[in-house]
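K.L.:
In UniProt numbering, the protein residues as written are 1 to 154. For glycine and all other residues, C-beta sits at the position ideal for the given N, C-alpha and C. The structure displayed is predicted, hence computed values, not measured ones. After the structure tokens below, expect a handful of questions from me.
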């Protein structure tokens, strides 16, 4: 009987430890820090804790979240690693070859396409950003987007 109780409580402890480990990997529901901001894979979003609750926020348009040894917060695009932003993007003319494929937009989660009615700005699916680099063209999850764009340090 004692052996059965020891095994039962051992399994219970393992189950609790496993569930805590799983919860910690989800940055949107568990506080990573009580006194610092932390970022998301989406370079515009960040999180902070308030009374033990995770609060999600987002930088203003044309600002991106950075958290490194010298700064933590939203910075303008011109101070960000150029491979992490589309500062050079512009609305395509649709007459110079740009009409044949989607074009990057300054909003990383959108892209331009040429239609019979003119240029349209379309969004990627939720949780994805547009890539036109290294032979890749389309909307990719943020983790893959960062890798394709060589944007690992914000």
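For the candidate residues 121, 82, 62, 83, whose alpha-carbon lies nearest to that of residue 74?
P.N.:
Of the candidates 121, 82, 62, 83, the one whose C-alpha sits nearest the C-alpha of residue 74 is 62.
K.L.:
Spatial neighbours of residue 98 within its chain, please: CB distance less than 6 angstroms, with the 5 preceding and 5 following residues excluded, ordered by chain position.
P.N.:
If we look at residue 98 and ignore the five residues flanking it on each side, its Cβ neighbours are 92.
K.L.:
Tell whether a beta-carbon distance below 8 angstroms holds between residue 104 and residue 116.
P.N.:
Going by C-beta atoms, residue 104 is not nearer than 8 angstroms to residue 116.
K.L.:
Determine whether the beta carbon atoms of residue 110 and residue 125 lie at a separation below 8 angstroms.
P.N.:
No, the pair does not count as a contact, with Cβ atoms beyond the cut-off.
K.L.:
According to DSSP, which residues form a beta bridge with residue 129?
P.N.:
Residue 129 pairs with 140.
K.L.:
Rounded to a whole number of angstroms, what is the C-alpha to C-alpha distance between residue 118 and residue 94?
P.N.:
Straight-line Cα distance between these residues: approximately 8 angstroms.
K.L.:
Within its chain, find whatever has a CB closer than 8 angstroms to the CB of residue 128; leave out the 5 residues flanking it on each side and keep chain order.
P.N.:
Only 109, 139, 140, 141, 142, 145 meet the Cβ criterion.
K.L.:
Check residue 101 in the structure and name its three-state DSSP category.
P.N.:
Of the three classes helix, strand and coil, the one that applies to residue 101 here is coil, per DSSP.
K.L.:
Write down the C-beta distance between residue 84 and residue 52 rounded to the nearest angstrom, noting that I regard them as a contact closer than 8 angstroms.
P.N.:
About 31 angstroms; that fails the 8 angstroms criterion.
K.L.:
Who are the Cβ neighbours of residue 89 in its own chain at under 6 angstroms, not counting the five residues just before and after it?
P.N.:
Here the set comprises 104, 105, 106.
K.L.:
Spatial neighbours of residue 123 within its chain, please: C-beta separation below 7 angstroms, excluding the five flanking residues on both sides.
P.N.:
Counting only Cβ-Cβ distances below 7 angstroms, and skipping sequence neighbours, we find 109, 110.
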